[in-house]
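Q: Just passing along the structure, written as structure tokens.
Residue numbers (my numbering): 998 to 1387.
Below you can see the structure in the form of structure tokens.
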């Protein structure tokens, strides 16, 4: 198998080969089928979204209830973070009592009653876990066909009838350049379509963090702001862009996803979903016991903000893990007080760092060195959505 992985890494795969490889990985475990489920006598509009991972990427948290409130049903197989990218499960498990360990029957029940279920990938595409372990030790992690099949095998197995991909581009993304991100996006779109799941993708910018919060509980809090009708403009915009794509993919029209944020219906759906999975939103979200604030040394506007530097600071604080199975700190993270182009006064806070382990503060501060600056003129605006595929 190691020799085969190296051959794939060196020679690549044809689209037909990738499709067959992915189908075999899907077939290595259970594949959920929810097409028999009904709500109000109608089949569920089953649709899901996947992000390739970024910094401050809490979009799944407000996105699911928006889609639920518009009539979609989302079987969301989520993962935990590794390295600089955060995981949806790590964020949601910062909520007291929340559990993603759902049985198939629980997932089916929630899809009918709530319109969504957030669950750990578990035994979906188990061959992928074994292959990934080999990729890690054979230096073939960067193979684009293997990346695409790894992502899509789990997504195809989770039971959605349509899929929207959020493929990140830039310094804080897994793939840094637009050409390689575009190739990955197109490969995954083709894989989904070849396996009977209509798939489309957005290429989105990840040179800067999304929103003002990077971590676990801190990102849940920001997501609640969005669901309450506020929140950072970029998080709201991307949530609505992806919701629009998901609703179109699911065949749902005549609804405006923004209305669900204005009228509170998305918040209601989120509270019900979290309660159904054991979570208690009445309990305050954890905040790291130790903190330190970084201030501007002069007045001006915040220049560019390197997503990778902020991500590594959050990781050093304990918000992420270096290897699978390591614990994370729910209250660790970085609060961004000023974003690129916003004015800042001398001595004003730019970042606040949180952790339960005070000795983590110094290395986290070091990661921010060179990741930001104060300048006299605003940096150029970056488009949030770069392109659409599929």
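Every residue gets a Cβ at the ideal spot worked out from N, C-alpha and C, and that includes glycine.
For residue 1115, which residues of its own chain have a beta-carbon under 6 Å away from its beta-carbon, when the five flanking residues on both sides are left out?
A: 1073, 1075, 1097
Q: What runs of the alpha helix (DSSP H), each 4 residues or longer, lie entirely inside the stretch 1017-1100?
A: 1057-1066, 1085-1089
Q: Following the continuous alpha helix (DSSP H) through residue 1184, name the residue where it begins and the one where it ends.
A: 1175-1191
Q: Which complete beta strand (DSSP E) runs does the stretch 1295-1334 hold, if anything under 3 residues is left out?
A: 1297-1299, 1330-1333
Q: Let me make sure I understand the geometry here. Which of 1077, 1272, 1308, 1162 has the alpha-carbon closest to that of residue 1188?
A: 1162
Q: List in chain order: all unbroken alpha helix (DSSP H) runs of 4+ residues lying wholly within the stretch 1244-1269.
A: 1254-1259
Q: Can you look up residue 1352 in the DSSP assignment and give me helix, strand or coil?
A: strand
Q: Could you compute how far the alpha carbon of residue 1264 sits from the alpha carbon of residue 1062?
A: 7 Å
Q: Alpha carbon to alpha carbon, how far is residue 1267 from residue 1113?
A: Inter-residue distance for residue 1267 and residue 1113 is about 10 Å (C-alpha atoms, whole angstroms).
Q: Rounded to the nearest angstrom, what separates residue 1083 and residue 1316 at their Cα positions?
A: Cα to Cα, the separation comes out at about 8 Å.
Q: Using CA atoms only, rank isn't needed, just tell me which of 1003, 1211, 1046 is closest to residue 1327.
A: 1211
Q: Could you tell me whether the stretch 1343-1363 touches the stretch 1304-1318, using the rule of 3 or more Cβ pairs below 8 Å?
A: yes
Q: Under 7 Å, do residue 1361 and residue 1292 count as touching if we go by C-beta distance?
A: No.
Q: Among the candidates 1150, 1167, 1298, 1136, whose CA atom is the shortest distance from the CA of residue 1338?
A: Ranking the options by Cα distance to residue 1338, first place goes to 1298.
Q: Consult DSSP for residue 999 and reduce its assignment to one of helix, strand or coil.
A: Judged by DSSP in its simplified three-state form, residue 999 adopts helix.
Q: Could you check which residue in 1046, 1370, 1120, 1296 has the C-alpha nearest to that of residue 1194?
A: With distances taken between Cα atoms, residue 1194 lies closest to 1046.
Q: Quick check: the Cα distance between residue 1370 and residue 1081, rounded to an integer number of angstroms?
A: 21 Å
Q: Using alpha carbons as the reference points, say which of 1051, 1037, 1106, 1071 lies closest to residue 1167.
A: Checked all of 1051, 1037, 1106, 1071; the closest Cα to residue 1167 is 1051.
Q: Cα-Cα, which of 1134, 1185, 1232, 1131 is closest to residue 1203?
A: 1232
Q: Looking only at C-alpha atoms, which of 1087, 1093, 1139 sits nearest to residue 1322?
A: Of the candidates 1087, 1093, 1139, the one whose C-alpha sits nearest the C-alpha of residue 1322 is 1087.
Q: Might you give, ordered along the chain, the residues of its own chain that have their beta carbon closer than 7 Å to the beta carbon of residue 1278, omitting 5 neighbours on each side?
A: 1092, 1268, 1271
Q: Which residues in the same chain as residue 1060 place their Cβ atom closer than 7 Å to its Cβ, once the five residues preceding and following it in sequence are excluded?
A: 1046, 1236, 1239, 1240
Q: Along the beta strand (DSSP E) that carries residue 1145, what are the first and last residues, could you check?
A: It is not in any beta strand (DSSP E) - residue 1145 instead sits in the alpha helix (DSSP H) that spans 1141-1154.
Q: So, helix, strand or coil for residue 1220, using DSSP?
A: helix
Q: Compute the Euclidean distance between the alpha carbons of residue 1252 and residue 1067, then round it to the nearest angstrom.
A: If you take the alpha carbons of residue 1252 and residue 1067, they lie about 7 Å apart.
Q: Output yes or no for whether 7 Å exceeds the beta carbon distance between residue 1221 and residue 1181.
A: no
Q: Can you look up residue 1386 in the DSSP assignment and give me helix, strand or coil?
A: strand
Q: Give me the residue from 1334, 1020, 1320, 1008 with the minimum Cα distance to residue 1147.
A: 1020
Q: Quick one: what does DSSP say residue 1283 is sitting in, helix, strand or coil?
A: DSSP places residue 1283 outside both helix and strand once states are collapsed to three, so it counts as coil.
Q: Under 7 Å, do residue 1029 and residue 1043 count as touching if we go by C-beta distance?
A: No, the pair does not count as a contact, with Cβ atoms beyond the cut-off.
Q: By Cβ distance, which residues of its chain are closer than 7 Å to residue 1155, with the 5 residues on each side in sequence left out?
A: Within its own chain, the residues whose Cβ lies closer than 7 Å to the Cβ of residue 1155, once the five positions on either side in sequence are excluded, are 1029, 1045, 1072, 1074, 1121, listed in chain order.
Q: Near residue 971, what residues of its chain come up, given a Cβ to Cβ distance below 6 Å and the 5 sequence neighbours on each side ignored?
A: The displayed coordinates of the chain run from 998 to 1387. Any statement about residue 971 would go beyond what the structure contains.
Q: In terms of DSSP beta bridges, what is residue 1165 paired with?
A: 1201
Q: If you draw a straight line from the alpha carbon of residue 1376 to that of residue 1104, how long is it in whole angstroms?
A: 46 Å
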